[in-house]
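Worksheet: one structure, shown below.
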Amino acid sequence: MFNTFVITGRPGSGKTVQAKLLAKETEFIHFSPGDEYREVASRETQFGLKIKELIDDGDLGPEWFSIYLFQKAVLDLSDTDGIIFSGTGRRKDEAECFHNVMSWLSRRYSVFNIVVSEKESSKRLSLRRTKENREDDEEKDIPIRMNKYKMHTKLAIDFFRSAGVLIDIDGEQSIEEVHKDILKELGM
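Okay, so the sequence shown: first residue is 170 according to the numbering used here, each after it adds one.
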């Protein structure tokens with residue numbers, strides 16, 4: 170079985186939820202760049218304030234920092250340690266770098282693309298905003314985030330597809346059904 174997975178998809182598709190469920194099932198490490206970004210944004214440093222500004226504007230973080238985060242996450246892993254990334258590789262260059270690092274480390278990986286429509290994504294983000302009070306789910310930021318997905322993340326997903334590592338999962342089902350579909354793809 171592979172020991173490295175990426176969960177990707179539109180904003181609000183359930184990436185983190187599915188990554189946490191898979192991590193619990195497999196006892197793999199779950200790494201969320203979004204959590205890292207939000208933690209940095211909470212700091213009163215020059216860098217933290219810049220990251221907070223990006224998050225508040227619904228923008229993606231700097232590519233170099235995203236690459237640094239996933240590379241840092243794999244530095245101390247043994248070849249048998251498992252890891253699940255939620256939301257890694259949101260730009261084509263990040264996806265290519267991720268692929269190159271995994272190839273260099275001889276870590277086979279799969280990418281699960283949680284597929285939801287833009288309408289469903291917007292609905293979930295609005296709901297999450299009221300339940301979790303996430304700063305990046307502000308109503309004004311949703312169209313910006315959808316545009317960033319189309320401009321950047323879609324290209325990263327296309328790269329993973331061309332690399333033969335992408336598996337599309339219907340994300341408009343219940344959380345449990347999405348999880349079952351992922352496990353089925355893993356033969357579990």
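We put the beta carbon where it would ideally sit given N, CA and C, even for glycine.
Are the CB atoms of Glu265 and Ser235 nearer to each other than 7 Å? Walking along the sequence shown from the start, residue 265 turns up at place 96. Walking along the sequence shown from the start, residue 235 turns up at place 66. Cβ atoms of Glu265 and Ser235: not closer than 7 Å.
Just to confirm my understanding: we take Thr322, look at its own chain, exclude 5 residues before and 5 after, and list those with CB closer than 6 Å. What are they? Against the sequence shown, residue 322 aligns to sequence position 153. Same-chain partners within the cutoff: Arg259.
Hey, how far is the Cα of Asp245 from the Cα of Lys189? Locating residue 245 in the sequence shown gives position 76, where the first residue counts as 1. Locating residue 189 in the sequence shown gives position 20, where the first residue counts as 1. So the two alpha carbons sit approximately 21 Å from each other.
So the candidates are Thr173, Ser201, Lys221, Ile351; which of them puts its Cα closest to the Cα of Ser247? What you label residue 247 is simply residue 78 of the sequence shown in a count that begins at 1. Nearest C-alpha to Ser247: Thr173.
Considering only the beta carbon of each residue, do Ile253 and Leu191 sit closer than 7 Å? What you label residue 253 is simply residue 84 of the sequence shown in a count that begins at 1. What you label residue 191 is simply residue 22 of the sequence shown in a count that begins at 1. Contact flag set, yes.
Short of 8 Å in beta carbon distance, which residues of its chain neighbour Glu196, apart from the five on each side in sequence? Order them along the chain. What you label residue 196 is simply residue 27 of the sequence shown in a count that begins at 1. Result list for Glu196: Gly251, in chain order.
Contact under 7 Å by Cβ, Val280 with Arg179: For the purposes of this step, residue 280 is taken as the residue at position 111 of the sequence shown. For the purposes of this step, residue 179 is taken as the residue at position 10 of the sequence shown. For Val280 and Arg179, no; Cβs fall outside 7 Å.
Quick one: which unbroken alpha helix (DSSP H) runs of 4-plus residues sit fully inside the region 259–303? Chain order, please. 261–273, 287–301
Own chain partners of Lys184 with C-beta closer than 7 Å, once the 5 adjacent residues on each side are dropped: Here residue 184 is taken as the residue at index 15 of the sequence shown, counted from 1. Taken in chain order, the residues that qualify are Ile176, Thr177, Gly178, Ser255, Gly256, Ile283.
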